[in-house]
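6 protein chains.
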Amino acid sequence: MRVVTFGEIMLRLAPHGYDRFVQSESFLATYGGGEANVAVSLCNYGLDAAFVTKLPGHEIGQCAVNSLRKYGVDTGLIARGGERVGIYYLEKGASQRASKVIYDRAGSSIAAAGAEDFDWGKIFENADWFHFTGITPALGDNVAAICMDALKEAKRRNVKVSCDLNYRNKLWSKAKAGEVMAGLCEYVNVCISNEEDAHDVFGIQADGVDVTKGEVNHDSYIDVAKKLTDRFGFEKTAITLRTSLSANDNNWAAMLYENGKAYFSKSYNMHIVDRVGGGDSFGAGLIYSALSGYEPQKAIEFAVAASCLKHSIEGDFNLVSVDEVNKLAQGDASGRVQR
Amino acid sequence: MRVVTFGEIMLRLAPHGYDRFVQSESFLATYGGGEANVAVSLCNYGLDAAFVTKLPGHEIGQCAVNSLRKYGVDTGLIARGGERVGIYYLEKGASQRASKVIYDRAGSSIAAAGAEDFDWGKIFENADWFHFTGITPALGDNVAAICMDALKEAKRRNVKVSCDLNYRNKLWSKAKAGEVMAGLCEYVNVCISNEEDAHDVFGIQADGVDVTKGEVNHDSYIDVAKKLTDRFGFEKTAITLRTSLSANDNNWAAMLYENGKAYFSKSYNMHIVDRVGGGDSFGAGLIYSALSGYEPQKAIEFAVAASCLKHSIEGDFNLVSVDEVNKLAQGDASGRVQR
Amino acid sequence: MRVVTFGEIMLRLAPHGYDRFVQSESFLATYGGGEANVAVSLCNYGLDAAFVTKLPGHEIGQCAVNSLRKYGVDTGLIARGGERVGIYYLEKGASQRASKVIYDRAGSSIAAAGAEDFDWGKIFENADWFHFTGITPALGDNVAAICMDALKEAKRRNVKVSCDLNYRNKLWSKAKAGEVMAGLCEYVNVCISNEEDAHDVFGIQADGVDVTKGEVNHDSYIDVAKKLTDRFGFEKTAITLRTSLSANDNNWAAMLYENGKAYFSKSYNMHIVDRVGGGDSFGAGLIYSALSGYEPQKAIEFAVAASCLKHSIEGDFNLVSVDEVNKLAQGDASGRVQR
Amino acid sequence: MRVVTFGEIMLRLAPHGYDRFVQSESFLATYGGGEANVAVSLCNYGLDAAFVTKLPGHEIGQCAVNSLRKYGVDTGLIARGGERVGIYYLEKGASQRASKVIYDRAGSSIAAAGAEDFDWGKIFENADWFHFTGITPALGDNVAAICMDALKEAKRRNVKVSCDLNYRNKLWSKAKAGEVMAGLCEYVNVCISNEEDAHDVFGIQADGVDVTKGEVNHDSYIDVAKKLTDRFGFEKTAITLRTSLSANDNNWAAMLYENGKAYFSKSYNMHIVDRVGGGDSFGAGLIYSALSGYEPQKAIEFAVAASCLKHSIEGDFNLVSVDEVNKLAQGDASGRVQR
Amino acid sequence: MRVVTFGEIMLRLAPHGYDRFVQSESFLATYGGGEANVAVSLCNYGLDAAFVTKLPGHEIGQCAVNSLRKYGVDTGLIARGGERVGIYYLEKGASQRASKVIYDRAGSSIAAAGAEDFDWGKIFENADWFHFTGITPALGDNVAAICMDALKEAKRRNVKVSCDLNYRNKLWSKAKAGEVMAGLCEYVNVCISNEEDAHDVFGIQADGVDVTKGEVNHDSYIDVAKKLTDRFGFEKTAITLRTSLSANDNNWAAMLYENGKAYFSKSYNMHIVDRVGGGDSFGAGLIYSALSGYEPQKAIEFAVAASCLKHSIEGDFNLVSVDEVNKLAQGDASGRVQR
Amino acid sequence: MRVVTFGEIMLRLAPHGYDRFVQSESFLATYGGGEANVAVSLCNYGLDAAFVTKLPGHEIGQCAVNSLRKYGVDTGLIARGGERVGIYYLEKGASQRASKVIYDRAGSSIAAAGAEDFDWGKIFENADWFHFTGITPALGDNVAAICMDALKEAKRRNVKVSCDLNYRNKLWSKAKAGEVMAGLCEYVNVCISNEEDAHDVFGIQADGVDVTKGEVNHDSYIDVAKKLTDRFGFEKTAITLRTSLSANDNNWAAMLYENGKAYFSKSYNMHIVDRVGGGDSFGAGLIYSALSGYEPQKAIEFAVAASCLKHSIEGDFNLVSVDEVNKLAQGDASGRVQR
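Protein chains in written order, with numbering that gives the first Met the number 0: chain U, 0 to 338; chain V, 0 to 338; chain B, 0 to 338; chain P, 0 to 338; chain H, 0 to 338; chain Y, 0 to 338.
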């Protein structure tokens with residue numbers, strides 16, 4: 000099974016441990032981005048995954064390529080050129096102190112890319128699935144147009160499409176996001192969102208819920224999923240449910256809405272090593288479940304267990320195997336030493 | 000607003016992570032000390048703060064100076080000379096294993112300083128506030144005398160004075176501390192203490208409370224604050240309330256006693272990154288609140304939120320902004336990622 | 000008092016922090032192994048302890064020797080020769096993600112050692128106690144035979160013998176372990192085990208208990224200890240009780256069964272820094288207690304407090320003093336800073 | 000004496016040691032830029048130096064500010080705002096492998112700054128000297144115009160001006176550089192260049208010399224200096240002479256041309272720790288010499304010795320004292336331990 | 000163009016910097032081996048290269064795979080299984096102190112592999128070139144037999160074969176090496192050796208030369224190459240010429256003998272960052288030259304320049320591009336900064 | 000053979016690599032001191048060596064003990080008590096920039112020790128040799144008196160005595176040194192010095208030699224050795240000859256004067272990793288040579304080769320074996336990889 004994902008991969012510069020930016024004499028340099036993270040995760044599950052983007056020809060661009068190749072991602076379709084690799088600075092929070100992200104991504108090669116950089120016919124040869132997030136079209140009208148090219152070619156070839164709404168208010172307004180995403184979502188089969196994104200992008204909200212409080216209310220999630228599904232005709236709609244107790248401790252669960260029925264996962268209390276990429280690892284788990292033909296309950300349990308494990312791993316990428324996910328999904332959360 | 004603080008800044012040598020001293024092949028080298036920590040914190044809040052001490056002319060002395068300049072502290076009033084920078088070795092505890100501090104501060108330049116090293120008239124030019132802790136006079140009779148010089152000059156100039164009692168039993172006896180501090184406290188406007196220090200230094204104790212147990216009893220705190228206030232006529236008396244659940248987890252709150260009324264802050268359950276400097280960050284928060292004319296309840300909430308955040312930060316210094324403190328003081332303790 | 004321990008010491012290669020193996024560009028290189036860990040712990044308690052093994056003559060073998068000498072272990076009885084130092088790779092787990100151990104110990108010098116490498120008469124000169132674990136005879140029939148040599152010489156000299164059952168399924172089958180250990184246990188005075196090992200090695204199990212669930216049931220532990228004692232006539236039988244809540248959080252307690260009576264320790268909720276060597280530190284605590292003539296309740300409290308502290312320390316070795324253990328055993332688990 | 004410098008300070012991201020970019024899992028994060036480097040150097044010599052630029056308000060901008068404050072640079076005149084801190088990636092070469100610099104500086108706050116960001120009247124209060132390099136006007140026409148504003152105000156106030164030609168072909172063409180720099184050089188009193196820059200910017204070249212070969216020919220240097228001086232009427236013209244034997248070994252010397260006479264320094268064979276900022280440290284040495292009223296020969300020896308020492312120091316900044324420079328300038332190049 | 004290489008890839012454990020083994024608290028963990036190093040180098044030149052070996056299924060085996068994938072090596076033909084990844088410990092020498100290698104490779108998956116693990120018909124699909132070294136058959140008779148299988152299939156398919164004699168006296172005797180290598184060399188088109196290997200493996204020696212002295216005598220090299228060529232009919236025979244001045248400084252050159260003519264390269268004086276893999280990088284340069292149809296003089300200059308650059312790079316792999324090699328081969332050894 | 004050495008062991012705090020003190024965020028923490036370094040070196044040669052000093056009872060004192068035990072030094076005779084471990088800060092120089100040492104050793108436990116801390120009768124049981132340096136009596140009159148106690152007991156027991164003059168101008172004046180050392184040297188059999196120390200301590204100087212220039216003049220060395228020998232009746236007098244070309248490159252040789260004859264060693268050009276402890280490693284080599292009964296020429300070659308190798312090793316200790324020293328002493332300085 001072959002999955003293609005499309006988006007931006009950034010250089011992530013992070014102080015060591017819990018150091019603040021102003022204390023940092025060196026930065027851990029890793030690479031990540033929503034769709035790249037999904038591709039790595041799928042390769043770790045044994046699928047064939049290609050990541051499509053544009054990266055500069057210089058060594059920092061090559062570092063980004065190598066970070067993907069290391070985990071088996073097919074990087075042969077990446078366009079090379081342009082000026083820079085986008086950057087995000089990440090400061091890890093602790094206890095009551097929140098994590099901080101500073102974006103420095105304007106002018107990246109992919110944000111400046113054009114339609115001519117990507118031959119979607121060739122890219123989708125042998126592809127079974129296409130994944131993107133709401134971050135990609137937010138990079139600019141040019142990139143949104145490239146997304147639309149991709150979606151049309153995907154439809155032509157019967158490639159399934161998943162999309163994580165992932166609203167980024169630094170990149171575009173809610174109005175603009177709503178307009179562009181509405182167009183793109185017409186081509187989407189599987190939608191991933193949380194309550195906040197559904198509201199920010201499409202104004203969809205369940206009654207009587209304050210999304211910033213992280214309260215878990217089953218009915219409201221179903222309501223949101225139903226509204227999304229009704230509007231765009233998604234085959235599957237998944238809603239992730241995060242409760243942030245502190246920068247170190249989060250609760251995590253999700254719901255899958257399919258054929259008018261809602262399937263809730265177990266909830267995990269996670270002691271967090273690295274929270275970034277948590278949503279992406281959920282998406283990858285869901286895609287893997289779908290391509291494996293899992294029943295809805297098994298699918299949502301797999302996706303949530305996968306992303307629960309991600310929170311214990313440094314960096315954007317979810318470096319776990321199918322066996323590890325299944326072990327947790329089947330109930331062993333004891334963390335006992337595996338010898 | 001300009002604040003002057005006076006005391007010792009030491010080289011802090013700490014193993015990495017949770018390593019014990021005997022495992023350590025290198026030491027993290029940072030600098031800190033009660034009054035220096037306060038000065039840094041105030042600069043981070045946008046105030047003008049100067050730190051006064053004596054440091055050797057050599058490079059290690061310069062390192063201490065630079066550690067302060069980096070955060071904007073005015074170091075132009077620091078006397079240079081003498082033999083050495085005091086040192087403290089810090090081993091971070093975990094779970095049931097306590098943190099350990101080994102002091103190697105005897106013979107430091109400030110401990111050997113004389114009255115001639117400091118021209119308090121010049122030092123207090125444009126100053127609005129003066130802060131010191133009980134550690135400074137404990138360095139020796141010479142330093143206690145310098146403190147007294149400073150306090151008299153402060154009074155002459157109408158500079159407000161705050162003092163954190165901070166009893167150190169390695170430096171002097173309780174009897175000696177009580178005698179010296181009593182003299183100095185005559186000049187103090189704002190007093191910061193915890194129950195244990197109030198007892199160790201002045202023998203002040205509420206009835207029926209075992210201070211080593213960390214039990215929180217509101218009446219007893221009020222009782223202690225009242226006794227301190229009655230004895231010295233402090234304008235404000237602040238009591239910090241720490242409950243140590245383990246080396247990793249502490250509860251933290253405080254009370255401000257002002258005009259015969261007690262104001263209790265929220266209590267925070269903190270997952271600790273670095274506990275050292277927690278009290279100093281509280282003092283800085285209180286000074287900032289006072290200089291900003293905050294109402295008592297807002298003042299104590301600001302000071303406690305500030306020091307709560309300090310526990311999430313490596314090193315002695317509290318590297319947070321007014322905005323970050325206010326966000327927590329106003330109730331957002333979720334630690335959600337700030338993008 | 001002089002204690003001799005016999006077994007394998009391995010090079011432990013571990014990624015930094017919570018990194019996974021596949022993320023690791025360097026490995027922390029420490030050394031450890033059940034019986035070596037016990038020897039180090041006893042030296043830290045002020046006893047004279049010698050560790051017996053075989054190590055190659057090259058520098059990596061010397062590194063293992065030096066790691067023991069550093070803490071005062073007598074390494075003068077270690078045979079030198081053979082090809083390699085056994086290795087174990089250790090990946091530290093977090094939250095729901097379990098720690099992982101990959102063994103690469105086949106062909107190590109001790110696994111290939113012969114009877115001629117050890118002169119037990121000379122080794123036991125002045126010895127008061129001999130300790131080994133079930134890992135040592137599992138290294139091969141040759142090593143099991145050397146164990147038997149040692150035990151016979153120990154008996155001849157009235158040296159007390161302790162054994163931690165420590166079943167390793169990668170090294171031998173349960174059937175083989177049961178057979179060999181039964182022979183060796185005839186010489187053992189003090190037996191250390193947990194419920195799982197008692198079952199794996201000797202098929203001993205209390206009724207109605209699922210050992211993989213980590214449920215704590217006092218009666219069942221007594222039942223297991225009694226069965227072990229009845230079969231082999233141990234003077235003391237200690238059972239450790241671990242409940243794994245997650246890779247970060249474990250509960251830890253133990254029971255000592257002596258003269259037909261069971262003594263249960265306090266239970267500790269531990270936030271884990273490094274779990275490896277936890278059992279060994281318990282064994283060392285028990286041996287120290289025995290050699291110090293502690294009463295059973297004091298003995299088990301000491302051993303459990305010792306091993307509780309071990310979980311807060313990086314590496315295999317338990318680097319704590321008698322004073323530190325006693326402080327915890329006597330109830331101060333607050334982790335307050337020791338100045 | 001007060002010196003003001005104006006330009007860009009960048010985040011410098013460098014692999015550790017001699018690692019190539021593609022090997023790097025973390026980057027050393029320091030800050031530097033031609034004029035900032037000069038300001039730091041002058042502060043280390045005990046002068047009062049201010050650095051003027053524009054930096055974003057976020058934490059990475061603050062890191063750049065702090066890197067300067069640490070060494071005593073006055074950062075109070077820095078404009079805050081804009082989007083990003085410019086970056087340069089630096090890979091250190093070794094032996095026959097050259098060092099590599101990848102610039103990612105487009106769109107930095109200073110490159111996007113406007114005339115309104117700088118009040119040169121206020122900036123030059125109490126200033127004795129102004130320094131900039133050819134990099135600053137190369138950032139854009141807007142920045143070149145700001146430079147011109149500064150120079151006119153400097154002339155009005157009789158502030159001396161030094162300029163290092165420093166041609167950067169990634170930023171502008173030779174033609175453009177020649178045109179803009181010609182206008183700015185009308186205001187310059189002290190010019191610093193090497194043969195290559197003189198040729199690239201102004202087409203000035205001595206006959207029969209191949210500047211890429213690094214051959215040292217005294218007459219040709221004099222010729223170049225004379226032509227520069229004749230064209231712009233510089234009071235002093237300094238030419239640096241680098242011979243690159245390998246990435247590890249360079250020869251380094253310089254010449255000062257003043258009042259029609261040429262003064263050549265000693266030549267140093269340097270084993271290089273970090274070559275970046277070598278030219279800037281020369282400029283700072285020359286400014287210090289000028290402000291100290293050194294005779295020409297002493298001036299050029301000081302400047303070259305200062306920059307020779309810079310090559311032994313990691314990072315952009317030259318962290319040496321006047322005493323250290325003088326010791327070398329006076330002939331002690333033995334590197335014997337100073338106790 | 001597609002190249003297949005076959006051999007062992009080991010985990011390389013090296014202390015940081017110039018630390019000795021006994022000082023090391025952590026080991027840099029990289030991966031390398033003669034033929035793997037060649038494959039990486041060729042990928043860096045833009046060729047398609049596959050590395051064939053056997054590696055265990057566990058995570059350490061996966062780390063070795065990932066280290067190759069990162070640089071684009073095709074790892075899809077690697078057999079998975081067996082027990083362990085071979086290890087070599089590397090201590091970097093300095094000045095008069097030699098580097099030290101301790102091998103711990105017995106029992107590795109490839110050393111225990113069988114003919115059934117490799118389907119050479121499939122492996123050589125689309126292959127143009129096959130490379131191995133004398134280390135591979137030295138791993139055991141089984142592996143020598145697999146080599147022979149590969150060579151026969153290569154001949155059948157007209158795949159060119161290169162071999163680096165690379166004698167390892169820890170793995171086999173000179174007599175055994177001579178016998179086995181003689182059989183394999185019948186299939187070899189391009190032979191790489193140095194004087195010492197030619198003598199150790201085949202007893203071939205020029206008159207009057209002491210190979211341990213590293214003296215460079217042109218006639219003797221030609222003599223050795225001629226004798227090798229006459230015996231086995233190689234199309235090309237390359238001899239590398241290393242002179243070890245100290246652990247830090249080596250001279251490096253080579254000769255190519257082709258059609259009865261000898262072509263000597265320039266000689267480089269190298270300041271060494273990492274000497275391991277120097278020979279392999281030469282082999283890769285020679286293969287690239289051959290596949291690019293370079294003339295003999297250009298070919299030998301490319302190969303030597305490539306390997307000269309390798310000595311400036313940490314780790315086994317030669318991480319340089321064709322452009323970088325050509326720049327040096329064409330004469331720019333100045334190491335000047337590339338901006 | 001058993002050697003006892005007596006003196007101070009300090010904590011050495013050094014920035015990483017070539018960082019200056021003011022750049023350093025952490026310090027490498029090792030331990031060393033003249034006589035401790037000799038003891039370690041002798042243990043590495045297989046001798047039995049004990050180091051005698053006084054160290055505080057706390058963990059930092061224990062770290063110093065452990066640093067010695069690790070290499071097999073007998074630390075059982077070390078007195079425990081007092082306040083602090085002496086410290087020296089070490090900044091490594093490069094090229095023309097000199098290394099810097101800042102001492103912070105006043106008030107250390109050994110400097111404050113008394114005669115009652117050492118029972119020399121017990122200490123010298125089974126001892127064959129006693130070694131000290133001029134640093135030890137320079138710590139104070141009390142320590143000089145302890146030295147005299149030791150020397151008298153050594154004479155009583157026929158223990159051979161060696162002394163390295165090692166003048167430290169920070170600790171005492173030349174006049175005081177000359178007076179005290181003259182008394183102690185009456186008991187010395189083997190004297191180690193360089194020209195500068197001979198002059199500083201005893202005013203002994205060869206005619207027409209400038210010791211700061213490092214010029215090597217054979218006759219002058221012989222003259223100095225003869226004068227030392229004539230004055231004190233040493234059995235052997237060794238003079239080390241260092242020429243400092245730069246902080247990175249030194250020449251190193253020595254001369255042994257025995258029975259009226261002078262034996263000069265080879266001279267080594269060393270590329271320096273760490274220069275500290277170079278003299279101590281020479282002393283240890285000489286003691287080993289003497290205890291091994293080497294002929295004078297062999298003895299001096301061994302001692303110089305040993306100390307040459309020390310310069311390639313980080314830290315104070317010389318971590319080389321007899322085999323490694325002999326290999327170099329016999330002429331193999333090529334630094335070729337040892338596999």
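Just so you know, even glycine gets a beta-carbon here, dropped at the ideal spot from N, CA and C.
Alpha helix (DSSP H) segment containing threonine 135 of chain Y, residue limits = Segment 134-137, the alpha helix (DSSP H) holding threonine 135 of chain Y.
Output the distance between the C-alpha atoms of arginine 79 of chain U and aspartate 315 of chain U, rounded to the nearest integer angstrom.
-> One Cα belongs to arginine 79 of chain U, the other to aspartate 315 of chain U, and the distance between them is close to 22 Å.
Around the Cβ of glycine 32 of chain P, are there at least 16 other Cβ atoms within 10 angstroms (buried) or fewer (exposed)?
-> Glycine 32 of chain P should be labelled buried.
Euclidean distance between Cα positions of glycine 245 of chain Y and isoleucine 271 of chain Y = Here the sequence assigns serine to residue 245 of chain Y, which means glycine is not the residue at that position. Straight through space, the alpha carbons of isoleucine 271 of chain Y and serine 245 of chain Y are spaced by roughly 10 Å.
If you run the structure through DSSP and keep just helix, strand and coil, what is alanine 246 of chain P?
-> Reduced to three states, the DSSP call for alanine 246 of chain P is coil.
Residue environment, lysine 121 of chain P, which counts as buried when at least 16 other CB atoms sit within 10 Å = Answer is exposed; the Cβ neighbour count stays below 16.
Are the C-beta of valine 336 of chain V and some C-beta of chain U separated by less than 8 Å?
-> Residue-level contact check: valine 336 of chain V touches chain U, since one or more beta carbons of chain U fall below 8 Å from its beta carbon.
Let me know the secondary structure DSSP gives threonine 29 of chain V once reduced to three states.
-> It is a strand residue.
Could you list the residues in the stretch 262-278 of chain H with a C-beta less than 7 Å from some C-beta on chain A, going in chain order?
-> In the displayed structure, chain A is absent; the protein chains listed are U, V, B, P, H and Y.
What in chain B is Cβ-close to isoleucine 299 of chain U, meaning under 9 Å?
-> Think of a sphere of 9 Å around the beta carbon of isoleucine 299 of chain U: no beta carbon from chain B falls inside it, the nearest being about 16 Å out.
Given a threshold of 16 other Cβ atoms within 10 Å of its Cβ, counted over all protein chains shown, does alanine 174 of chain H qualify as buried or as exposed?
-> By the neighbour-count criterion, in which a residue is buried when 16 or more other Cβ atoms sit within 10 angstroms of its Cβ, alanine 174 of chain H is exposed.
Looking at valine 303 of chain P and serine 264 of chain P, is the spacing between their C-beta atoms short of 8 Å?
-> Judged by beta-carbon spacing, valine 303 of chain P lies within the 8 Å limit of serine 264 of chain P, meaning their Cβ atoms are closer than that value.
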